[in-house]
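Before any comments, here is the structure.
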Amino acid sequence: MKIFISSDMEGTAGVVDWDQCVIGGSQYPYYTGLLTGEINAAIEGAMEAGATEFLVNDAHSKMANLKPDALAGRAGYLSGRYKPMYMMQGLDESFDAIFLVSYHGSMGSDGSVLSHTYFPSAFAEVTVGGVVAGEAGINALVARAYGVPIVLVTGDVTTAEETERFCPGIKAAVVKKSITRFSAEALHPEAARDLIRERARAAVGDLPGAAPPSIDLPVTLGLSFRSSDYCELAARIAGVERTGALSAAITGDDPLWIYQTFVTVVLLCRGLVE
């Protein structure tokens with residue numbers, strides 16, 4: 003049984019500040035250790051339920067945050083920036099299930115700790131099929147394309163709720179309760195790992211009844227930008243229709259094409275500030 007793990011970082015128990023999850027931050031080395039512990043807990047729980055093969059896609063920031071030899075289960079490690087499929091690089095039809103570890107709420111959410119949607123400088127809100135989507139919901143397009151169920155998400159309450167909209171019945175390991183965008187009450191790291199391990203075990207155990215994300219096709223991915231220059235730039239991309247001064251849309255019946263077009267928007271917009 004083969005599991006794909008997309009690993010972010012802001013959803014880790016205890017993480018509440020950018021300094022804790024950005025390379026060069028004074029607290030970054032400590033919190034990457036906590037992140038690794040949560041990824042390993044997910045792997046261990048899945049192994050207890052019969053999973054045998056794992057691929058971890060490092061999907062946070064510069065996407066080189068983990069020590070490959072520290073991963074449990076002899077997991078494969080996919081890292082590095084500018085991946086064509088970004089946070090979902092490496093996924094294909096050969097996988098049985100997807101775990102989203104240490105995810106966070108969307109930019110449009112109310113007080114979810116470190117909330118953002120891919121590129122916080124550009125996007126105020128993203129919708130999939132008219133439903134507000136965080137990174138989990140956007141990434142669900144790729145899972146939908148390959149017909150692979152997303153069965154586990156870890157992070158705060160908002161992250162769990164936003165993912166449930168696209169993945170009904172998903173198992174969630176809620177390891178912290180957000181208070182504001184920069185504060186949260188978290189489980190002790192050991193308790194967080196225990197919870198993730200248990201939820202991963204249950205997710206794999208219930209896999210026979212799991213289904214790919216619930217996204218009807220054709221679908222529109224709606225983009226609300228924080229400034230008009232980002233919107234103008236995005237509209238130059240084939241397939242992106244400008245719908246207002248600060249809004250655009252990508253519509254189609256191929257979820258992979260929609261996702262890749264969105265990733266192109268992200269990378270092009272980042273060029274304005276990088």
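Per the working numbering, the very first residue in the sequence shown carries number 3; after that it's consecutive. Glycine included, C-beta positions come from ideal geometry on N, C-alpha and C.
Following the continuous beta strand (DSSP E) through Glu127, name the residue where it begins and the one where it ends.
Within the sequence shown, numbered from 1, the residue matching residue 127 stands at position 125. Element bounds for Glu127: 125-130.
Determine, using beta carbons only, whether Leu248 and Cys233 come nearer to each other than 7 Å.
Taking the sequence shown and counting its residues from 1, one reaches residue 248 at position 246. Taking the sequence shown and counting its residues from 1, one reaches residue 233 at position 231. In contact: Leu248 and Cys233 (Cβ atoms closer than 7 Å).
Do Ala175 and Thr156 count as a contact pair if the criterion is CB distance below 7 Å?
To locate residue 156, count along the sequence shown from 1; it is residue 154. To locate residue 175, count along the sequence shown from 1; it is residue 173. Cβ atoms of Thr156 and Ala175: closer than 7 Å.
Excluding five sequence neighbours on each side, which residues of the same chain lie with their C-beta closer than 8 Å to the C-beta of Phe121?
Here residue 121 is taken as the residue at index 119 of the sequence shown, counted from 1. Within the same chain, Phe121 has close Cβ partners Val268, Cys271, Arg272.
Pick out whichever of Ile5, Gly16, Lys4, Phe6 has its Cα sitting closest to the Cα of Phe184.
What you label residue 184 is simply residue 182 of the sequence shown in a count that begins at 1. It is Gly16 whose Cα lies nearest to the Cα of Phe184.
Report buried or exposed for Thr253, applying the criterion of at least 16 other Cβ atoms within 10 angstroms of its Cβ.
The residue given as residue 253 occupies position 251 in the sequence shown. Answer is exposed; the Cβ neighbour count stays below 16.
Of all the beta strand (DSSP E) runs that stay within the bounds of the region 97-160, which reach a length of 3 or more residues?
Whole beta strand (DSSP E) segments, 3+ residues: 99-103, 125-130, 152-158.
Would you identify the three-state DSSP class for Ser180, choosing helix, strand or coil?
Position 178 of the sequence shown, counting from 1, holds the residue named residue 180. In the structure shown, Ser180 sits in a strand (DSSP, three-state: E or B).
I need the straight-line Cα distance from Ala135 to Met90, nearest angstrom please.
Taking the first residue of the sequence shown as 1, we reach residue 135 at position 133. Taking the first residue of the sequence shown as 1, we reach residue 90 at position 88. Spanning the two alpha carbons is a distance of roughly 16 Å.
If we ignore side chains and look at the alpha-carbon of each, how far apart do Ser104 and Ser96 end up?
For the purposes of this step, residue 104 is taken as residue 102 along the sequence shown, with counting starting at 1. For the purposes of this step, residue 96 is taken as residue 94 along the sequence shown, with counting starting at 1. Cα-Cα distance, rounded: 24 Å.
Using C-beta distances below 6 Å, list every residue in its chain close to Gly78, excluding the 5 sequence neighbours before and after it, in chain order.
Mapped onto the sequence shown, residue 78 falls at position 76. So the list reads Leu57, once near-sequence residues are dropped.
Would you say Val177 and Ala194 are within 7 Å of each other, going by their C-beta atoms?
Position 175 of the sequence shown, counting from 1, holds the residue named residue 177. Position 192 of the sequence shown, counting from 1, holds the residue named residue 194. In contact: Val177 and Ala194 (Cβ atoms closer than 7 Å).
For the structure I just gave you, are there three or more beta carbon pairs, one from the region 109-117 and one from the region 49-66, closer than 8 Å?
Cβ pair count under 8 Å is below three, so no.
Going by DSSP, which residues form a beta bridge with Tyr287?
There is no way to answer for residue 287, as the model of the chain reaches only from 3 to 276.
Quick check on the burial criterion: 16 or more other C-beta atoms within 10 angstroms. Buried or exposed for Glu12?
As a working note, residue 12 is residue 10 in the sequence shown. With 16 or more other Cβ atoms within 10 Å, it is buried.
Report the option in Ala44, Arg228, Tyr33, Arg167 whose CA atom is closest to the CA atom of Leu68.
Here residue 68 is taken as the residue at index 66 of the sequence shown, counted from 1. Minimum Cα distance to Leu68 is reached at Tyr33.
I'd like the span of the alpha helix (DSSP H) that includes Ala204, first residue to last.
Here the question's residue 204 lines up with position 202 in the sequence shown. Start and end: 191-207.
Evaluate Pro215 with the Cβ neighbour count: other Cβ atoms within 10 Å of its Cβ, from every protein chain shown; 16 or more gives buried, anything less gives exposed.
Stepping through the sequence shown from its first residue, residue 215 is reached at position 213. Classification of Pro215: buried, given that the 10 Å Cβ count is 16 or more.
Hey, how far is the Cα of Asn141 from the Cα of Glu243?
Numbered from its first residue, the sequence shown carries residue 141 at position 139. Numbered from its first residue, the sequence shown carries residue 243 at position 241. When rounded, the distance between both Cα atoms is 21 Å.
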